[in-house]
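Take the sequence shown: its position 217, counting from 1, is numbered 628 in my numbering, and each next residue is one higher. Yeah, the Cβ is synthetic: ideal placement off N, Cα and C, and Gly gets one too.
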Amino acid sequence: MAKVISVLTAIAAFFCSIFSIPFYANGEKVDLSKFELVFEEQFNGELDKTLWSGIDRLPDGKTTVRRGGYWNNDLAYTENGNLIIKLKYLEDGLDGGGAGWYSAGIDTSTDNINGYEQKYGYFECRCILPKCARSWAAFWLMNYETFNCDGSGEDGTEIDVFESFYYGDFIDNKVSSNLYYDGYGEGKQSKGSVKNLVRGNPYEEFNTYGLEWNENEYIFYINGVETYRTDFGGVSKNPEFMLLSIEMGENNEEIPKDLEAEFIVDYVRAYQYK
Numbered sequence: 412m413a414k415v416i417s418v419l420t421a422i423a424a425f426f427c428s429i430f431s432i433p434f435y436a437n438g439e440k441v442d443l444s445k446f447e448l449v450f451e452e453q454f455n456g457e458l459d460k461t462l463w464s465g466i467d468r469l470p471d472g473k474t475t476v477r478r479g480g481y482w483n484n485d486l487a488y489t490e491n492g493n494l495i496i497k498l499k500y501l502e503d504g505l506d507g508g509g510a511g512w513y514s515a516g517i518d519t520s521t522d523n524i525n526g527y528e529q530k531y532g533y534f535e536c537r538c539i540l541p542k543c544a545r546s547w548a549a550f551w552l553m554n555y556e557t558f559n560c561d562g563s564g565e566d567g568t569e570i571d572v573f574e575s576f577y578y579g580d581f582i583d584n585k586v587s588s589n590l591y592y593d594g595y596g597e598g599k600q601s602k603g604s605v606k607n608l609v610r611g612n613p614y615e616e617f618n619t620y621g622l623e624w625n626e627n628e629y630i631f632y633i634n635g636v637e638t639y640r641t642d643f644g645g646v647s648k649n650p651e652f653m654l655l656s657i658e659m660g661e662n663n664e665e666i667p668k669d670l671e672a673e674f675i676v677d678y679v680r681a682y683q684y685k
């Protein structure tokens, strides 16, 4: 029966991808019995900056340009047991940055004092997506070998467990999962999933987004139900670290400058195969 469900899911995904039709997860449920929990961040208390540091190794209070805005570590903090990554427009800029949209990205790279990386297993984030058109929230994994241009993703692949940049679309309760390797220049290789619908309102309600990663394939989940699987790039064979981020997309001139949005994360978990 499991194989039948998997085949039907693959067929549905194939036709939906051809016609760019988003669909609800309808595959197999993730089997957590084959894993053991090895990492859990519930964001109780202050943000542990020995574990979570700003992407690009930003020192606290510094600003860097990111796509259609800026990243600054001050925009990531904890509140009421959740991680909050704020997105807002700052007319006067912040820490040397000009006027524009500010947000943050944090990661668990082992460049951090207590950083964390893992090869294979199941990774999951429970979160509420930001309510802002052109915003780009994500839970993802990568390593520095992702930048190697060698024709293979086996040394490192950016694995986007989910990306959310559809708020304001006619149908906006959707996310996608994407893969990149061989850097981010002309040689970049990429593959995206069909857009997946999320039941309810993901901009006001918590949902889980998961990835099972083994030596053969990547399997993506929403609320524990499979959405997509692939072995694109040959599958990364090296440890990778986790990232949580928002960035403002380009062409954002029509977004009201008094708008503020939040990427709210309840927890991040990583499981290893038993």
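Pick helix, strand or coil for residue i, following the three-state DSSP scheme.
i      : result
Asn484 : helix
Phe430 : Unreliable positioning characterises Phe430 in this predicted model, as indicated by a pLDDT of 49, which lies under 50. The coordinate reading is nonetheless provided below. Note: Phe430 maps to coil in three-state DSSP.
Gly472 : coil
Lys440 : strand
Glu490 : strand
Report the option in the options whose CA atom is closest to the CA atom of residue i.
i      : options                        : result
Ala510 : Asp518, Tyr500, Gly516         : Tyr500
Ser464 : Ala515, Ile495, Gln529         : Ala515
Ile384 : Gly611, Leu505, Asp669, Phe674 : As displayed, the chain neither begins before 412 nor continues past 685, which places residue 384 out of reach and without an answer.
Gly598 : Val646, Gly564, Gly507, Glu671 : Gly564
Leu462 : Tyr684, Val679, Lys685         : Val679
Glu439 : Tyr527, Lys648, Glu651, Gly635 : Gly635
Leu505 : Leu486, Asn618, Phe581, Arg640 : Leu486
Trp512 : Pro613, Tyr629, Arg478, Gly603 : Arg478
Lys602 : Asp566, Asp593, Leu670, Val609 : Asp593
Glu528 : Ile666, Lys685, Asn649, Asn662 : Asn649
Gly507 : Lys473, Asn523, Ser520         : Lys473
Lys530 : Ile666, Ser647, Thr638         : Ser647
Lys445 : Glu502, Ile524, Gly532         : Gly532
Phe573 : Asn663, Asn612, Asn618, Gly579 : Asn618
Roughly how far, in whole angstroms, is the beta-carbon of residue i from the beta-carbon of residue j, given that I think they are within contact range, below 8 Å?
i      : j      : result
Tyr682 : Val476 : Actually they do not touch by this definition, with Cβ atoms about 36 Å apart.
Cys543 : Ala672 : 4 Å
Lys606 : Pro433 : 4 Å
*Three or more C-beta pairs below 8 Å linking the segment 650–663 and the segment 549–561*: yes
*What beta strand (DSSP E) runs, 3 residues minimum, are completely inside the segment 631–677?*
636–641, 651–659
*asked:* Which complete beta strand (DSSP E) runs does the segment 489–570 hold, if anything under 3 residues is left out?
replied: 493–501, 511–514, 516–518, 532–539, 546–553
*Taking one C-beta from the segment 522–539 and one from the segment 577–587 each time, how about it: are there three or more such pairs within less than 8 Å?*
no
*Could you give the uninterrupted runs of the beta strand (DSSP E) lying entirely in the segment 561–630, keeping only those of 3 residues or more?*
569–575, 585–592, 600–603, 618–624
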